[in-house]
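Residue numbers (the working numbering): 3 to 219.
Ideal Cβ positions, reconstructed from N, Cα and C, are used throughout, including at glycine.
A quick note: this is a predicted structure, and the numbers were derived from the prediction, not measured.
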Ligand SMILES: Nc1ncnc2c1ncn2[C@@H]1O[C@H](COP(=O)(O)OP(=O)(O)OP(=O)(O)O)[C@@H](O)[C@H]1O
Ligand SMILES: Nc1ccn([C@@H]2O[C@H](COP(=O)(O)O)[C@@H](O)[C@H]2O)c(=O)n1
């Protein structure tokens, strides 16, 4: 039989699986999401990438988003959740890795109330700050926030606002923690084990009453 999360996640006539991918800046979330996409067919939605695309698109919120990213601050949830929701609807997929989100309690509450979707689990990349700092400073992707001044601010926001979200899900037994300091391939071995065991547990679609299905607005 389906679980409460399964029932909540019936959207657009299908079961939607969401995995939140959390961890500090530079812990390797994006790197591992690319591997998960290849092996498990998820769609990768990075909240940071969506916000950067919004800046590039010349949207009316672009200037505000750009200055918040430069300061390492968290953009108002209304904006980020809308971008995520649009990307989910446009993807045609029903399995999503939502990377770098929720970054604070407001993100979490807004996503849950707007979409009605609860995560299958939270994949949490645990990495010491000095390793993350080293990785960010050698990333060289031209990101405006990969400089020491902004990195310090991002670490502070992570400790004060993002870790409490991990703790929230942890208290519900919904966090799968990964030792992210290992080499990329070794980290992915651990990630694979988690996804393989989750696939076995996910209940088939037929287990759910069709009355729970909702149509796309
Ligand atoms: N396990 C690893 N060991 C060493 N370097 C790594 C590892 N994983 C990722 N990297 C490198 O560290 C940098 C940051 O990785 P990545 O962009 O995946 O992190 P992230 O958590 O998505 O960061 P952000 O939150 O800032 O977007 C990249 O240059 C990546 O190639
Ligand atoms: N939920 C989020 C995610 C990101 N941001 C802003 O984007 C910056 C970069 O994020 P990455 O995940 O790509 O590192 C981040 O520092 C925030 O300024 C956000 O506001 N909300």
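Output the residue ranges of the beta strand (DSSP E) runs that lie fully inside the segment 112-172 and measure 3 residues or longer, sorted by chain position. Unbroken beta strand (DSSP E) stretches of 3 residues or longer found wholly inside the segment 112-172: 123-128, given in chain order.
What do you get for residue 186, buried or exposed, if any count of 16 or more other CB atoms within 10 angstroms of its CB means buried? Residue 186 comes out exposed.
Shortest alpha-carbon distance to residue 151 belongs to which of 135, 163, 141? For residue 151, the closest C-alpha among the options 135, 163, 141 is that of 135.
Which same chain residues, not among the five before or five after residue 189, have their C-beta less than 7 Å away from its C-beta? Result list for residue 189: 30, 34, 180, 182, in chain order.
Option nearest residue 155 by Cα separation, candidates 16, 21, 56, 75: For residue 155, the nearest C-alpha among the options comes from 75.
Specify, as a first and last residue, the run of the beta strand (DSSP E) that residue 51 falls within. Unbroken run through residue 51 is the alpha helix (DSSP H), 49-58; no beta strand (DSSP E).
For the beta strand (DSSP E) containing residue 23, list its first residue and its last residue. Here the beta strand (DSSP E) through residue 23 covers 19-25.
Under 8 Å between the Cβ atoms of residue 194 and residue 41? Between residue 194 and residue 41, the CB-CB gap stays under 8 Å.
Roughly how many angstroms separate the alpha carbons of residue 19 and residue 53, rounded to a whole number? Cα to Cα, the separation comes out at about 22 Å.
Per DSSP, which residues does residue 98 bridge with? Please list them. 20, 45, per the DSSP bridge assignment.
Assign residue 145 to one of two classes, buried (16 or more other C-beta atoms within 10 Å of its C-beta) or exposed (fewer than that). So residue 145 ends up on the exposed side.
Does any residue of chain C have a CB that is nearer than 8 Å to the CB of residue 27? Considering every chain present, this structure includes no chain C. It has just one protein chain.
Taking the C-alpha atoms as reference points, what is the distance between residue 153 and residue 27? So the alpha carbons of these two residues sit roughly 8 Å apart.
Quick one: is residue 11 buried, meaning 16 or more other Cβ sit within 10 Å of its Cβ, or exposed? Buried: at least 16 other Cβ atoms inside 10 Å.
Using only the alpha-carbon positions, how far apart do residue 109 and residue 124 sit? In a straight line, the C-alpha of residue 109 is about 14 Å away from that of residue 124.
Please state whether the Cβ-Cβ distance between residue 49 and residue 86 is less than 8 Å. Yes, they are a contact pair.
Specify, as a first and last residue, the run of the beta strand (DSSP E) that residue 179 falls within. Following the DSSP letters along the chain, one finds residue 179 inside the beta strand (DSSP E) bounded by residues 177-181.
Endpoints, alpha helix (DSSP H) assigned at residue 92: Here the alpha helix (DSSP H) through residue 92 covers 79-93.
Cβ pair residue 57, residue 64 closer than 8 Å: At the C-beta level, residue 57 and residue 64 come within 8 Å of one another.
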